[in-house]
Structures are given as C-alpha cells and as structure tokens.
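Everything in the sequence shown is counted per this note's numbering, starting at 88 for the first residue and increasing by one.
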Amino acid sequence: MELGAAPEEVGIHAAEPVPWVAGMAEESHRLIHEEALKHLRQGKWVVALGGDHSITYPLVQAHREALGAFSLLHIDAHADLYPEWQGSVYSHASPFYRLLQEGFSLVQVGIRAMDRDSLRLARKKGVALFPAHRIHREGLPLDEILEALGKRVYISLDFDALDPSLMPSVGTPLPGGLSYRQVVDLLEAVFREKEVVGMDFVELSPNGQFHAEMTAAQLVYHAIGLKGLQAGWLSREVDHI
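Spelled out as structure tokens, the structure:
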C-alpha cells in the first residue's frame with residue numbers, strides 16, 4: 088500500500104544460497120565475492136541476506152570491482168570497527184574497520200554500542216556518526232545523513248538496529264533501538280536522493296518468533312520496491328494511498 092507498486096509483478100530472483108565453509112572464513116568470503124560479482128556483471132541489482140555481518144566485506148568488494156566508487160551507509164546497533172575479534176579479521180565485528188582502511192567513506196546510523204578505540208578510529212577516519220540516543224532526543228536528521236553520503240551508496244542494515252521489542256530475533260540485541268518507521272523513512276530518503284548500488288540485510292537469527300521474521304521480510308521487500316521505483320522497473324499506481 089505504502090509503495091503504491093508491487094515488486095512481485097516484475098519479479099524477484101532468489102539465487103542459490105552461498106555455502107559457508109565451516110572453519111574457513113576466508114574461503115567463504117571468496118565464494119561470496121565471486122557469487123555477488125557474477126550477478127553484478129550480469130547487470131543485476133544485488134540484495135544479500137545474511138548471515139552475520141562479516142559478509143558485508145566481500146559484498147562491498149565485489150560491488151566496487153563491478154561498479155566503481157560509492158559511499159557506505161551502515162545501519163546498526165554496533166559500530167563493527169574492531170581490527171579483529173576473537174583472533175579473526177573475518178569477524179562480524181570487523182568489516183567496517185577493514186573497509187575504512189581501504190578508503191571507503193562511512194556513515195553510521197543507529198549505533199548504541201561503541202568502545203573508545205572504535206570512537207577514536209571513527210573520528211580519525213571522518214566517519215559520520217548518528218547514534219540512536221541522538222535520534223531519539225532530536226529526531227532523525229535526514230538532511231545531515233544525506234549530506235554526509237556521496238551520490239552513490241551501498242546500504243548495509245543489521246536487523247539489531249531495530250529495537251528488540253520489534254526485532255528480538257538477532258544475535259546481539261540491544262535496547263534503545265530504532266523504530267520500523269524510522270528505518271523506513273531513512274531508506275526512503277536515501278533511495279529518493281541517491282543511487283543505491285546494492286544492499287545487504289544481516290544478523291537475523293530466527294528463533295520461532297514469527298512476527299520478527301515477518302518484520303524482516305517486510306523491510307527487505309520494501310527496500311526492493313524502493314529500488315524498483317528508483318530504477319524505473321516499477322511505477323506507482325495513480326491511486327496509491
């Protein structure tokens with residue numbers, strides 16, 4: 088109803104899952120990179136569904152290889168700026184540290200867990216940080232977020248950005264999260280003003296709580312619809328509400 092368009096009428100292709108090789112994170116990342124690159128070179132718009140947040144690193148690498156430069160919008164409860172976690176640079180806690188080292192411009196929204204070293208790194212690297220507590224006090228600063236982003240954007244959304252009252256089915260829930268409406272408003276603004284080159288949604292950990300899984304599915308579907316409208320694959324119905 089809100090989109091005024093139906094993505095399923097154009098078609099959504101569900102690719103075969105990329106296998107995760109147990110105990111071999113580097114090999115798993117290579118497989119993710121190759122699979123994403125294959126679809127990108129065919130002219131597809133890729134939406135990746137995790138899995139933990141470590142998958143963002145090979146996905147972003149594949150998008151840059153296929154499409155050139157873009158900035159990153161990271162929507163999450165956690166900054167994910169550790170150099171490594173439990174001895175691994177391939178950790179879910181480290182993808183944005185690695186991407187910062189490679190020169191990516193980063194905007195983080197909804198953060199509510201960040202240690203001092205990560206904050207120092209963010210300041211040093213010029214990360215635009217919009218923590219959840221500021222959003223709750225002042226409202227969602229859409230103009231500032233859009234100004235901080237480049238013309239082309241890759242979006243990575245960890246479902247724990249949402250408040251656990253809405254999204255309990257995640258690996259590391261934290262109170263004080265964003266509302267569904269805030270996340271949708273942010274996505275709509277970015278798709279309206281920027282070229283979104285790709286997306287991933289990560290850290291859903293289904294535990295039988297059906298409403299959380301439905302919320303996740305609705306958010307993914309809405310984002311696909313926004314891209315369809317942006318790219319001209321879909322058109323809004325004249326009488327949409």
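All C-beta atoms in this analysis are idealised placements derived from N, C-alpha and C, irrespective of residue type, glycine included.
Of the listed residues the options, nearest to residue i (C-alpha basis)
i    : options                   : result
P262 : S252, L316 and R239       : S252
E234 : V194, A180 and E103       : V194
R203 : K211, V196 and G197       : K211
V196 : L186, G174, R221 and H179 : R221
A101 : H116, A123 and R117       : A123
G226 : Q188, P293, M201 and Q269 : Q269
A318 : V284, P293, N294 and A303 : V284
Chain-order list of residues whose beta-carbon lies under 7 Å from that of residue i (same chain, five-residue window excluded)
i    : result
E290 : G137, D139, H140, D245, F246, D247, V257 and G258
G98  : none
Through-space distance from residue j to residue i, alpha-carbon basis
i    : j    : result
P260 : W172 : 18 Å
F278 : K131 : 17 Å
P228 : E95  : 32 Å
E152 : M301 : 33 Å
E231 : V133 : 27 Å
E324 : G110 : 49 Å
K125 : A149 : 9 Å
D250 : A164 : 9 Å
G113 : R128 : According to the sequence shown, residue 113 is Glu rather than Gly. If I take the Cα positions, the gap works out to 22 Å.
F288 : P255 : 15 Å
V108 : R224 : 43 Å
R239 : F157 : 5 Å
H179 : W320 : 33 Å
I162 : G174 : 25 Å
Q296 : K314 : 28 Å
I311 : P170 : 32 Å
L265 : F217 : 12 Å
E103 : G213 : 37 Å
Cβ shell of residue i (< 6 Å), same chain only, five flanking positions each side left out
i    : result
I119 : V105, I142 and P145
L208 : L168
V307 : F288
Contact set for residue i: own chain, Cβ-Cβ below 8 Å, skip 5 residues either direction
i    : result
L316 : L90, A92, F278, S322 and R323
H309 : E89, L90, V271 and L274
E280 : L233
P293 : S256, A299 and E300
A303 : F246, M254, S256, F288 and L291
R117 : P145
Proximity test, Cβ basis, 8 Å: residue i and chain B
i    : result
D287 : Protein chains in the displayed structure number just one, and chain B is not present.
CB contact flag (residue i, residue j, <8 Å)
i    : j    : result
S192 : G155 : no
Y241 : L159 : yes
A219 : I198 : yes
S205 : A166 : yes
F147 : L186 : Note that residue 147 is Val in the sequence shown here, rather than Phe. Result yes, Cβ atoms of V147 and L186 sit closer than 8 Å.
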